[in-house]
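Numbering (this note's numbering), first residue to last: 13 to 189.
Encoded structure:
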């Protein structure tokens with residue numbers, strides 16, 4: 013459905029086409045940057061969002077190309093760019109005057125099963141402890157009140173230890189789980 017966008021020359025055509033082919037009512041919010049970009053024609057465009065929008069942004073990229081932009085899209089892992097968190101993000105970058113590409117990773121990917129493994133030619137990933145000036149003994153996560161013997165006390169309250177991990181790694185991303 014989103015393959016042929018060659019007839020979508022106007023903002024109204026593009027928005028109408030995309031909104032008719034979206035099955036999630038929240039999708040119209042993801043299309044707002046496209047509406048603004050086509051209306052305002054900025055030189056640079058950079059969008060980031062949850063990975064589920066990648067297909068929509070690929071279609072938006074086709075529309076932006078029809079309007080004279082150079083565009084690149086893809087999914088990146090945030091820890092590969094110095095962010096102390098493991099989170100995937102859909103990315104779209106565009107420029108009106110010259111070709112663009114997604115940035116090359118500056119830091120290693122985080123390998124949860126082998127955290128000491130590092131990619132060659134880039135910096136190590138950044139831990140939460142490094143980013144916040146904490147010690148490796150500090151813990152991060154999204155703890156719930158303790159429901160078993162295996163607990164951690166924080167500020168006088170017992171929390172489930174399994175919900176926390178050492179701050180010597182990138183933090184986990186919040187997910188719908």
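We put the beta carbon where it would ideally sit given N, CA and C, even for glycine.
With respect to the C-alpha of residue 109, the residue from 181, 146 and 76 having the closest C-alpha is 76. With at least 16 other beta carbons inside 10 angstroms of its own, residue 101 counts as buried. Segment contact: the segment 173-184 against the segment 146-162, three or more CB-CB distances shorter than 8 Å; contact assigned. Between the C-alpha atoms of residue 66 and residue 74 there is a straight-line separation of about 13 Å. Residue 183 and residue 71 have their C-alpha atoms some 32 Å from each other. Around the beta-carbon of residue 44, fewer than 16 other beta-carbon atoms lie within 10 Å, marking it exposed.
In the pairwise beta carbon analysis, the segment 163-170 is classified as not touching the segment 132-140: fewer than three pairs are separated by under 8 Å.
Of the candidates 62, 59, 126 and 181, 181 places its Cα closest to the Cα of residue 144. For residue 171, the three-state secondary structure derived from DSSP is strand.
Assigned with DSSP and collapsed to three states, residue 90 falls in helix.
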